[in-house]
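Everything below concerns the one structure shown next.
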Amino acid sequence: VESGDAADDYHLAVVEYNENRSAYEKLLEWRQEGAGSPGGTFPVKAPDYIVAGSRKRRMEYFKHYVPAEEAVAVASGELPHLLAFQEIAGAVRFRGELYERAGQPDEAERLYKALIIFGHHIFSDRVRFAGLQVGLGIQQMAAESLARLYLRRAPGMSPSSRRARTRSPTRS
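Listed below in structure tokens is the structure:
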């Protein structure tokens, strides 16, 4: 764990998102189509920013990057940075999926674990209930991706035994 505030790294991702929303929209299209990024390049740096932030113990985004007028308006709606965090997390997850398809599961695992920490940082920040929901949602998304990756890695498991292992137990 490094010193510093993860908010600085996450803010770089938010700035990139705000300045280049079309790249994020394109990523969503590619994911829905089951395509990869053409030319093998990934059009945003968000995965790097999220990994860098995940290495830090604390995150005080609300305190340092949310203007006072937005902080007062929290009760009336969503905070723009929380909406950006959700889109950024989706892009990072997609990058992990591309790593999986390319036969690089260790890189995918690194991103999914960084997303779990990103979600923890968000719900630990003082953004009230909205931050809790966004942070837990990102953690759930990342945990599902990580579980899927681990199931694919499990030696000697047939697809049917993988499905059986992921089913919820029935109650009597």
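In my numbering, the protein residues as written are -5 to 166. Beta carbons are placed, not taken as given, at the ideal position from N, Cα and C, and that holds for glycine.
Annotation: V86 to K50 spans about 18 Å, alpha carbon to alpha carbon. In this chain, the alpha helix (DSSP H) harbouring G90 covers P74 to R95.
Residue state for G(-2) is assigned as strand, using DSSP reduced to three classes. Taking a C-beta distance under 8 Å as the contact criterion, K107 and L140 qualify as a contact pair. Annotation for K50: the continuous beta strand (DSSP E) segment containing it runs K50 to R52.
In summary, S16 is exposed, with fewer than 16 beta-carbon neighbours lying within 10 Å of its beta-carbon over all protein chains present. Of the candidates G125, S118 and G113, the residue whose Cα lies closest to the Cα of Q134 is G113. The C-alpha of P149 is placed about 33 Å away from the C-alpha of Y43.
Burial is judged here by how many other beta carbons sit within 10 angstroms of a residue's own beta carbon; A1 has at least 16 and is buried.
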